[in-house]
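Number of protein chains: 2
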Amino acid sequence: MEKKNKLLVTGSVAYDTIETPMDSEEFILGGSASYAALAASFFCPVMIEGVVGSDFKESDISRLRERGIDTEGLRVDPQGKTMFWRGKYHDNFNSRETLDIQLNAYADYVPNLVEASKEARFVLLGNISPFVQKTVLESVRDPDFVILDTMDLWINTTNAELKEIINRVDLVIMNDSEAKLLAEDSNLIRAADKIRNMGAKTLVVKLGEYGSMLFHEDGFFTTPAYPVREVRDPTGAGDSFAGTLAGCICASGNADFTSLKKAMVTSSATASITVESFSCRKLEEAGMEEIERRAKYILNSCKL
Amino acid sequence: MEKKNKLLVTGSVAYDTIETPMDSEEFILGGSASYAALAASFFCPVMIEGVVGSDFKESDISRLRERGIDTEGLRVDPQGKTMFWRGKYHDNFNSRETLDIQLNAYADYVPNLVEASKEARFVLLGNISPFVQKTVLESVRDPDFVILDTMDLWINTTNAELKEIINRVDLVIMNDSEAKLLAEDSNLIRAADKIRNMGAKTLVVKLGEYGSMLFHEDGFFTTPAYPVREVRDPTGAGDSFAGTLAGCICASGNADFTSLKKAMVTSSATASITVESFSCRKLEEAGMEEIERRAKYILNSCKL
Numbered sequence: 000m001e002k003k004n005k006l007l008v009t010g011s012v013a014y015d016t017i018e019t020p021m022d023s024e025e026f027i028l029g030g031s032a033s034y035a036a037l038a039a040s041f042f043c044p045v046m047i048e049g050v051v052g053s054d055f056k057e058s059d060i061s062r063l064r065e066r067g068i069d070t071e072g073l074r075v076d077p078q079g080k081t082m083f084w085r086g087k088y089h090d091n092f093n094s095r096e097t098l099d100i101q102l103n104a105y106a107d108y109v110p111n112l113v114e115a116s117k118e119a120r121f122v123l124l125g126n127i128s129p130f131v132q133k134t135v136l137e138s139v140r141d142p143d144f145v146i147l148d149t150m151d152l153w154i155n156t157t158n159a160e161l162k163e164i165i166n167r168v169d170l171v172i173m174n175d176s177e178a179k180l181l182a183e184d185s186n187l188i189r190a191a192d193k194i195r196n197m198g199a200k201t202l203v204v205k206l207g208e209y210g211s212m213l214f215h216e217d218g219f220f221t222t223p224a225y226p227v228r229e230v231r232d233p234t235g236a237g238d239s240f241a242g243t244l245a246g247c248i249c250a251s252g253n254a255d256f257t258s259l260k261k262a263m264v265t266s267s268a269t270a271s272i273t274v275e276s277f278s279c280r281k282l283e284e285a286g287m288e289e290i291e292r293r294a295k296y297i298l299n300s301c302k303l
Numbered sequence: 000m001e002k003k004n005k006l007l008v009t010g011s012v013a014y015d016t017i018e019t020p021m022d023s024e025e026f027i028l029g030g031s032a033s034y035a036a037l038a039a040s041f042f043c044p045v046m047i048e049g050v051v052g053s054d055f056k057e058s059d060i061s062r063l064r065e066r067g068i069d070t071e072g073l074r075v076d077p078q079g080k081t082m083f084w085r086g087k088y089h090d091n092f093n094s095r096e097t098l099d100i101q102l103n104a105y106a107d108y109v110p111n112l113v114e115a116s117k118e119a120r121f122v123l124l125g126n127i128s129p130f131v132q133k134t135v136l137e138s139v140r141d142p143d144f145v146i147l148d149t150m151d152l153w154i155n156t157t158n159a160e161l162k163e164i165i166n167r168v169d170l171v172i173m174n175d176s177e178a179k180l181l182a183e184d185s186n187l188i189r190a191a192d193k194i195r196n197m198g199a200k201t202l203v204v205k206l207g208e209y210g211s212m213l214f215h216e217d218g219f220f221t222t223p224a225y226p227v228r229e230v231r232d233p234t235g236a237g238d239s240f241a242g243t244l245a246g247c248i249c250a251s252g253n254a255d256f257t258s259l260k261k262a263m264v265t266s267s268a269t270a271s272i273t274v275e276s277f278s279c280r281k282l283e284e285a286g287m288e289e290i291e292r293r294a295k296y297i298l299n300s301c302k303l
C-alpha cells in the first residue's frame, strides 16, 4: 500500500465544561485531538484517531467533517461515555484547576487503527497517555515524521514510558515548565539540550503569551506570541499550536530548519485565535485569512 | 549654558551580599545606578548621580572612572554608610528573598545635582524611590528624553507619586508582573495600553529569560533574550538593560521607533552578560565585542 500524504492526529476527544473568571460553557467539544485536528485541517488532509461514547453528538462529528477531517478512525464505544473534563480558571487565567476528570471511553482504550491511518506519512501524537501514544506509533507502518506532545501529568506518572517514546519520535513539543521538569534542570536552555539528548532531534518549547522556542540541530529560533487583548478561554491553545505545526510540516512535506521556523510562526498565530473563544469556534470561523494576517504581524513584530 | 549630549544616570549605589544556590559573594558593587551606568558607559558619555558612605571603596570609584563615568555627582556622606542589600536566590533563581536592606546614606537623601548634570540631554531615572527620581527630574533644566525604571515596591508603597512621574517622562521600563500590578489588569497587552495612557508615550516591558516588549505609538516590537546556559547572579539584569537602552538613545540622539527597536536588542544582549557573573564583572571584561555578537545572535534567532 502506498504511504498517504496525510496527517494522523491522535490524542483525546472530550467534552469540556469550563469556567473562566468572566464566563462559562458546558459540554463543549474539547480534547487534544479535537483541537489539534481542527487546527491542522487548515493546512493538510487530516485523519483523527480516538474514541468517544454513545453520547457524542452527531453535530460534533459533522463539525470535524466540515473541516474535511477524516473521522473513520474516531471509534464509538456504544457502552461508554465520552471523556469529560471540568476545569476552572482563576486569577484571570494565571492558574487552572481540574474540578473533575472522567476518562470514560478512554479508561481502557487500546487504539486499533483503521487501514488508512496505518499508511500516514505524518503523525501527531497529541497529548494523551504514553501507552496510547505508543500503540498508535507502533501501528503506523513507516511514518516520515512523528511529533509528540505531552504534559506534566505524564512526566510525573509515566516517566519511563514517556522517555521511551521521546527516543523514537522526530520532534517533541512541551511548555517551559514541563521541559524543566522532564530534564530535571531549572535552566531552560540546558533542559532543552538534555531533552534533545533523550532522542528526539528537535524540541519546541511553548511559552504561552511569550511565544515559543525551537531547538534544532541547525540552530535556535524563537517566535513571539501574537498580542491578545481579550483571552476568553485558553484551553486547547497548546493543542492547536501542535496541530498547526504538524499540519504545516505535512503540507510542505518538509521538516528542515527553515520550514519549521515558518511553521512555528503560523502555529503561534493559530494558538492566539484559539484563546479568543471557547472550544475552537473562533478558529473555525476566522480561518486561514486571519491566521495568515496574524503570522505576518508576528514576523513583523520582531523585525528591526 | 549649553545642553550636554550626555546621559545622567540616577538610582542607588550600594553594596550587595548575595547568596545563590551555587555561590555567594559579599559587599560587591551593586545598586541600580551602578549597573545602569556601567552598562550605558559602552555607548555614550555617562554622569552618575547618587550618594555613598565613607566606607565606599576607592577601588569602586576607580572602577566607575575606568569606564569613563563622570563621578562628580556621586556624593560622599562622611557621616553615613553606603546603602546595603543582602539577598538570597532560591529554587535555582526562580525566587529572590531580601534578607536585609539598610538604606544608610539614602535614608534621608535629597539629590543636589552638580551643574554639569543639570544640563544633561538624556536622563535615566533608575530604580529608586519616586521622591529621589522627582527631585532629579526637576533639577535637570531641559532634558530631551527621560527614561524611568521602577519596581513593585514603589507601585505598592508610593503609587500616586510614581504615577505623577510617569506622566512627566518619555519612556517607562518595568517587568511584566509590575506592569500588570501598576495597571491593575492581568492582561499584559491591555495593561500596556493603560500605562501609556498614564502619560509616558512609550513602554518597555522586561520579560526576563523571555526577552522584552516595546509598546510605542508607531507599533509593537518584541525581542527575545539571548539563551543563557549558566546564570550566576541575575541581580542587576534589569538595571543594565535600562542603562543600555538609555545609552543607545543618547548615543544615537534618537528615540524613534526604529532606534528604540535596535536599542532593545542591544539591551537584551547586555542583560544576558550581566547575569553570567556577580556584579557587573563579566560585562566590564567582555565589553562591546561580546555585546555586539549577542545582539546579532538575538536578531538572527527570530529571523526566518
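Residue numbers (numbering that gives the first Met the number 0), protein chains in the order written: chain A, 0 to 303; chain B, 0 to 303. Note that the Cβ used here is the ideal one computed from N, Cα and C, for glycine as well. Since the model is a prediction, treat every value here as computed from it, not as a measurement.
With 16 or more other Cβ atoms from the protein chains shown falling within 10 Å of its own Cβ, Q132(B) counts as buried. Counting C-beta atoms within 10 angstroms of its own C-beta, R228(B) has fewer than 16 neighbours from the protein chains shown and is therefore classed as exposed. Taking C-beta separations shorter than 6 Å and ignoring five residues to either side along the sequence, the partners of A190(A) in its chain run A178, K179, A182, D184, following chain order. Secondary structure note for K5(B): its beta strand (DSSP E) is the uninterrupted segment 3 to 9. Fewer than three Cβ pairs drawn from the region 275 to 288 of chain A and the region 48 to 59 of chain A lie within less than 8 Å of each other, which leaves the two stretches out of contact. Taking I165(A) as the centre and dropping the five residues before and after it, the same chain places the C-beta of V171, M197, G198, A199 closer than 6 Å to its C-beta, in chain order.
Contact check between the region 4 to 22 of chain A and the region 116 to 125 of chain A: three or more CB pairs, one atom from each, fall below 8 Å, which counts as touching. With a 10 Å radius around the Cβ and a threshold of 16 neighbouring Cβ atoms, P110(A) comes out buried. Contiguous beta strand (DSSP E) elements confined to the region 78 to 154 of chain B occur at 82 to 89, 94 to 101, 119 to 124, 144 to 148, taking only those with 3 or more residues. When the Cα atoms are used, G29(A) and S300(A) turn out to be separated by approximately 31 Å. Within the same chain, and ignoring the five residues on either side of L206(A) in sequence, the residues whose Cβ sits closer than 8 Å to its Cβ are N174, D175, M212, A224. Of all alpha-carbon atoms in L298(B), E216(B), T234(B), the one lying nearest the alpha-carbon of E24(B) is that of T234(B).
Ranking M21(B), E18(B), C43(B), D22(B) by CA distance to the CA of A250(B) puts C43(B) first. Listed in chain order, the non-local C-beta contacts of E96(A) below 6 Å within the same chain comprise K87, local neighbours out to five positions each way being set aside.
Under the three-state reduction of DSSP output, V12(A) falls in the coil class, being neither helix nor strand. Going by C-alpha positions, S278(A) is about 44 Å away from R292(B).
Taking 8 Å as the upper bound for CB-CB distance, I248(A) and T265(A) are not in contact here, some 11 Å apart. Secondary structure note for N174(A): its beta strand (DSSP E) is the uninterrupted segment 170 to 174. Contact with chain A is found for E208(B), since one of that chain's Cβ atoms lies less than 8 Å from the residue's Cβ. Cβ-Cβ distances below 7 Å link A236(A) to A270, T273, V274 in the same chain, with the five nearest sequence neighbours on each side left out; the list follows chain order.
Any Cβ of chain A closer than 8 Å to the Cβ of S185(B) would place that residue at the interface, and such an atom is present. Neighbourhood of K260(A) in chain B, by CB distance below 7 Å: L303, in chain order. In the structure shown, E25(B) adopts extended strand secondary structure according to DSSP, grouped into three states. By the Cβ neighbour-count rule, M263(B) is buried, with 16 or more other Cβ atoms within 10 Å of its own. The Cβ-Cβ distance between T201(B) and S267(B) does not fall below 8 Å.
Contacts between P233(A) and chain B, judged by CB atoms closer than 7 Å, are missing: the closest CB pair is about 12 Å apart. For the region 178 to 203 of chain A, the beta-carbon criterion of a distance under 7 Å to any beta-carbon of chain B is satisfied by S185, N186, L187, I188, R189. Our two residues, K193(B) and N186(B), have alpha carbons roughly 11 Å apart in a direct line. Inclusion of S116(A) and G67(A) in the CB contact set at 8 Å is not warranted, their separation being larger than that value. For S251(B), not one C-beta of chain A is nearer than 8 Å to its own C-beta. Counting only residues of its own chain and dropping the five nearest sequence neighbours on each side, G252(A) has no CB closer than 6 Å to any other CB.
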